[in-house]
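Protein chains in written order, with the working numbering: chain A, 1 to 456; chain B, 457 to 520. Virtual Cβ for every residue (Gly too), placed ideally from N, Cα, C.
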Amino acid sequence: MSALDLTLRGQATAIAAGEVDAAELLEEALERIAARNPAVNAVVETFPERSRQMLAEAPPGPLHGVPVVIKDEWPLPWRAQRFGAAQMFAKTAPEESGPYRALRDAGATIVGVGNMHELGASSTGNLSVYGPARNPWNTERCPGGSSSGPAAAVAARLVAGAVGADGIGSVRFPAAYCGLTGLKPTFGRAAMGGHHMAGVSTTIVSGPLCADAADCRLLGSVLFGESLKAGDAAGLRIGVVRDTVSEDVAPAVREACAEAIEALRAETGGEVREIELADLEAAALATVLIANTEAMAGLSPSRLNRLDPELSPIARGFAKYRMLLPAAATVKAQEVRALMRRRLASVFEDVDAIAWPTVPAVAPPLEAPLVELPSGTLTADQANVRGAGLANLTGIPAISVPVGLAEDLPVALQLQAAWGRDELLLDAAEALERANGRRWVESLAPPERQPETTGA
Amino acid sequence: MEASNRADDFIPAGLASLGIEADEVDLAVMGAAHAMFWPPILELLELDTDGVDAEPAPDLSRAP
């Protein structure tokens, strides 16, 4: 087995013990990207000399010598982010972003930039100036967005860890579609410096995408700048809601998530409690309104009349539509934010985590990202935002954990906890892994199914 | 007057008032966005939030 197939922590441990040569690992990662990436389009740029220089100058640290991928949302000293688009509405320049500094200071080697959905505007990942990333489980399916490339890179085992960003589910959606664990940290807890919206966004955070929770703990600790200590989630009180987010769900997804919740309860010796959390659809819309209003920074009518023709028709039309959103709706969205934050504070007095499916259906086709739900056919974006927006709206942490397969594609459960309890989510995810014998975190699209050997 | 979610009057008028140019493709995309977003926006505007004051400069890293 190649060292690239080790976990992130396994690679770090092996390098520290002198069992793996970091320089050889870097070259192997570059070779694997060259071999496998054409089929998945996860990595949009490599810079071997920069990577070798990073490794040569790498300090001792928890990720010393470990190759990672970073999303095209974060600037690097030698490369401005492109945000998956031909044109951005904010000014950008090469610089040291917070995640870059965190990775560098931890000794990691950035081996490539991960693809992403154009302007971060979808849960699917099926649109990008670089062409869409593809899901390693099935290259005709969406990898999830907007952190499509980081997820596809880990699922294709190009690297064992990648840094994404989550403004409305953009770490959790691709984690779910690609069978990974993805953490959306508590707002403000993870490195955010250098993001082109850092000064205006109240929803976006950086976050890790890895094969399992222990790797997310390691990469998350680097992004947080503090150790995310392990606990045991004993006696976990799991809240479930009887609402669209848990009920308007494809039957196979619903069944797998219900089994996972029961397994988590049993493993932690905890309990499942039904909770009331009204107005979740209003919360999802409030998140969309706030995020889209914040994304208008830099837009003006004259600028909109000079859009880059290479920007997709969807991005062009939607950028213009944003200008017509009523201010009263954004004010109302802020009221909904306050309302949901108070309700969550109350709910989290009774439960430790809230559980529902990360996404209501498995990854849809790239060419037609529609999902079939009990209520009918919806676009994946319409369906996915229902369960994801709450964490971004209110600032709470959330994690997506693989819990099964349906149609030979991953199914995922989302857990959400109170502000600052990111560690508990990692503990709960690890408990869930124990409960199912690590069956799903080790069912990463396996090497024998990787594109280079399937001819996909 | 009944609220309208039709795009054929709202969008061209809104764009014209802002001086934003749009071609047929832009208008088609905007029409689709409008059909998706406008009905729930109208519902949101009617949501009873009496007594709920928005948090001034909320610290989203903490409970309210």
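(1) Quick one: which unbroken alpha helix (DSSP H) runs of 4-plus residues sit fully inside the region 252-339 of chain A? Chain order, please.
(2) How would you list, in chain order, the residues of chain B whose beta-carbon sits under 7 angstroms from the beta-carbon of A/Asn305?
(3) Quick one: does B/Pro495 have its CB under 8 angstroms from some CB of chain A?
(4) Can you grab the Cα-Cα spacing for the pair A/Thr46 / A/Leu26, in whole Å?
(5) Who are the near neighbours of A/Leu264 in its chain, counting only those whose CB is closer than 7 angstroms to its CB and skipping five residues on each side?
(6) How is B/Arg518 classed by DSSP in three states: helix, strand or coil?
(7) Buried or exposed: where does A/Gln53 fall if 16 or more other Cβ atoms within 10 Å of its Cβ makes it buried?
(8) By the criterion of Cβ-Cβ separation under 8 angstroms, what are the contact partners of B/Ala489 in chain A?
(9) Is there a Cβ from chain B that is less than 8 angstroms from the Cβ of A/Leu55?
(10) Between A/Gln416, A/Pro365, A/Val441, A/Ser375, which lies nearest to A/Gly125 when the distance is taken from Cα to Cα?
(11) Helix or strand or just coil, what does DSSP make of A/Ser443?
(12) Please name the residues in the region 328-358 of chain A whose beta-carbon is closer than 9 angstroms to at least one beta-carbon of chain B, in chain order.
(13) Does the beta-carbon of B/Leu501 have 16 or more other beta-carbons within 10 angstroms, so that it is buried, or is it exposed?
(14) Measuring only the C-alpha atoms, how far is A/Gly161 from A/Ser122?
(15) If the cut is a Cβ gap below 9 angstroms, which residues of chain B does A/Ile238 touch?
(16) Taking all protein chains shown into account, decide if A/Thr358 is buried (16 or more other Cβ within 10 angstroms of its Cβ) or exposed.
(17) Anything in chain A within Cβ reach of B/Asp509, meaning under 8 angstroms, just list it in chain order.
(18) Looking only at C-alpha atoms, which of A/Thr139, A/Glu96, A/Lys332, A/Pro150 sits nearest to B/Leu503?
(19) Quick check on B/Ala519 - is its C-beta less than 8 angstroms from some C-beta in chain A?
(20) Please confirm if B/Asp465 has its CB atom under 8 angstroms from at least one CB of chain A.
(21) Could you tell me the alpha carbon to alpha carbon distance between B/Val497 and A/Lys71, rounded to whole angstroms?
(22) Applying the 10 Å Cβ sphere with the 16-neighbour rule, what's the burial state of A/Ser97?
(23) Shorter than 8 angstroms from the beta carbon of A/Gly188 to some beta carbon of chain B?
(24) For my contact list, A/Ala445 and A/Ala156 are in at a C-beta cut-off of 8 angstroms; report their separation, rounded to the angstrom.
(25) Which term fits B/Val481, buried or exposed, when burial requires 16 or more other beta carbons within 10 angstroms of its beta carbon?
(26) Expressed to the nearest angstrom, what Euclidean distance is found between the alpha-carbon atoms of A/Asp232 and A/Thr92?
(27) When you check each C-beta in the region 260-287 of chain A against every C-beta of chain B, which residues fall closer than 8 angstroms?
(28) Figure out for me which residue from A/Leu219, A/Ala3, A/Ala361 has the closest Cα to the Cα of A/Pro251.
(29) Tell me whether the beta-carbon of A/Ala398 lies closer than 8 angstroms to the beta-carbon of A/Leu415.
(30) Can you give me the C-alpha to C-alpha distance between A/Gly225 and A/Thr244, rounded to a whole angstrom?
(31) Starting from B/Trp494, trace the alpha helix (DSSP H) both ways and give me its first and last residue.
(32) If you count every other CB in all the chains shown that lies within 10 Å of the CB of A/Trp78, and 16 or more means buried, which is it?
(33) For A/Arg189, which beta-bridge partners are listed by DSSP?
(34) Taking the Cβ atom as the reference point for each residue, do A/Asn37 and A/Leu180 lie within a distance shorter than 8 angstroms?
(35) What separation, rounded to the nearest whole angstrom, lies between the Cα atoms of A/Glu57 and A/Cys216?
(36) Using 8 angstroms for Cβ pairs, my map puts A/Phe348 next to B/Ser517. What's the rounded Cβ distance?
Here's the rundown:
(1) Listed in chain order, the complete alpha helix (DSSP H) runs (minimum 4 residues) inside the region 252-339 of chain A are 280-294, 301-304, 313-322.
(2) Here residue 305 of chain A refers to the residue found at position 305 when the first sequence is read from its first residue. Ordered by position in chain B, the residues that pass the 7 angstroms Cβ test against A/Asn305 are Ile476, Glu477.
(3) Taking the first residue of the second sequence as 1, we reach residue 495 of chain B at position 39. So, not an interface residue.
(4) Within the first sequence, numbered from 1, the residue matching residue 46 of chain A stands at position 46. Within the first sequence, numbered from 1, the residue matching residue 26 of chain A stands at position 26. Approximately 12 angstroms between the Cα atoms of the pair.
(5) For this step, residue 264 of chain A is matched to residue 264 along the first sequence. Closer than 7 angstroms at Cβ, skipping near neighbours: Leu236, Ile238, Ala428, Ala431, Leu432, Ala435.
(6) What you label residue 518 of chain B is simply residue 62 of the second sequence in a count that begins at 1. It is coil, neither helix nor strand.
(7) Here residue 53 of chain A refers to the residue found at position 53 when the first sequence is read from its first residue. So A/Gln53 ends up on the exposed side.
(8) Along the second sequence, one-based indexing puts residue 489 of chain B at 33. Simply Gly317, Phe318, Tyr321.
(9) Along the first sequence, one-based indexing puts residue 55 of chain A at 55. No, A/Leu55 does not count as interfacial toward chain B.
(10) Position 125 of the first sequence, counting from 1, holds the residue named residue 125 of chain A. Taking only the C-alpha atoms, the option nearest A/Gly125 is A/Pro365.
(11) Looking up residue 443 of chain A in the first sequence gives position 443. If DSSP states are grouped into helix, strand and coil, A/Ser443 belongs with coil.
(12) Ala328, Ala329, Val331, Lys332, Ala333, Gln334, Glu335, Val336, Arg337, Ala338, Leu339, Arg341, Arg342, Leu344, Ala345, Phe348
(13) Taking the first residue of the second sequence as position 1, residue 501 of chain B is located at position 45. Exposed: under 16 other Cβ atoms inside 10 Å.
(14) For the purposes of this step, residue 161 of chain A is taken as residue 161 along the first sequence, with counting starting at 1. For the purposes of this step, residue 122 of chain A is taken as residue 122 along the first sequence, with counting starting at 1. Approximately 22 angstroms between the Cα atoms of the pair.
(15) Indexing the first sequence from 1 puts residue 238 of chain A at position 238. The premise fails here: A/Ile238 is roughly 19 angstroms from chain B at the closest Cβ pair, so nothing lies under 9 angstroms.
(16) Along the first sequence, one-based indexing puts residue 358 of chain A at 358. Buried is the call here.
(17) On the second sequence, residue 509 of chain B is found 53 positions in, with the first residue counted as 1. Those within 8 angstroms of B/Asp509 in chain A are Glu335, Ala338.
(18) If you number the second sequence from 1, residue 503 of chain B lands on position 47. It is A/Lys332 whose Cα lies nearest to the Cα of B/Leu503.
(19) Counting from 1 along the second sequence, the entry for residue 519 of chain B is found at position 63. Chain A contact via Cβ: present.
(20) Here the question's residue 465 of chain B lines up with position 9 in the second sequence. So, not an interface residue.
(21) As a first step, residue 497 of chain B is located in the second sequence; it is residue number 41 there, counting from the start. As a first step, residue 71 of chain A is located in the first sequence; it is residue number 71 there, counting from the start. The sequence as given places Ile at residue 497 of chain B; Val does not occur at that position. If you take the alpha carbons of B/Ile497 and A/Lys71, they lie about 32 angstroms apart.
(22) Taking the first sequence and counting its residues from 1, one reaches residue 97 of chain A at position 97. Burial call: buried.
(23) Against the first sequence, residue 188 of chain A aligns to sequence position 188. The beta carbon of A/Gly188 falls within 8 angstroms of a beta carbon belonging to chain B, placing the residue at that interface.
(24) Within the first sequence, the letter at position 445 stands for residue 445 of chain A. Within the first sequence, the letter at position 156 stands for residue 156 of chain A. Yes, A/Ala445 and A/Ala156 are in contact; Cβ-Cβ is about 7 angstroms, under 8 angstroms.
(25) Counted from its first residue, the second sequence places residue 481 of chain B at position 25. It counts as exposed.
(26) On the first sequence, position 232 is the one that residue 232 of chain A refers to. On the first sequence, position 92 is the one that residue 92 of chain A refers to. Rounded to the nearest angstrom, the two C-alpha atoms are 42 angstroms apart.
(27) Asp279, Glu281, Ala282, Leu285, Ala286
(28) As a position in the first sequence, residue 251 of chain A is number 251, starting the count at 1. Answer by Cα proximity: A/Ala361.
(29) The residue given as residue 398 of chain A occupies position 398 in the first sequence. The residue given as residue 415 of chain A occupies position 415 in the first sequence. Inclusion of A/Ala398 and A/Leu415 in the CB contact set at 8 angstroms is warranted, their separation being smaller than that value.
(30) Counted from its first residue, the first sequence places residue 225 of chain A at position 225. Counted from its first residue, the first sequence places residue 244 of chain A at position 244. Approximately 37 angstroms, taken between the alpha carbons.
(31) Counting from 1 along the second sequence, the entry for residue 494 of chain B is found at position 38. Run containing B/Trp494: 480-502, per the alpha helix (DSSP H) assignment.
(32) The sequence position of residue 78 of chain A within the first sequence is 78, counting from 1. Counting Cβ neighbours within 10 Å, A/Trp78 comes out exposed, since fewer than 16 surround it.
(33) Residue mapping note: residue 189 of chain A aligns to position 189 of the first sequence, counting from 1. Its beta-bridge partners do not exist; DSSP assigns none.
(34) Within the first sequence, the letter at position 37 stands for residue 37 of chain A. Within the first sequence, the letter at position 180 stands for residue 180 of chain A. It is not a contact, given that the beta carbons lie outside the stated cut-off.
(35) Here residue 57 of chain A corresponds to residue number 57 of the first sequence, with the count starting at 1. Here residue 216 of chain A corresponds to residue number 216 of the first sequence, with the count starting at 1. Roughly 24 angstroms separates the two Cα atoms.
(36) Here residue 348 of chain A refers to the residue found at position 348 when the first sequence is read from its first residue. Here residue 517 of chain B refers to the residue found at position 61 when the second sequence is read from its first residue. In fact, because the Cβ distance is near 15 angstroms, the residues do not count as touching under 8 angstroms.
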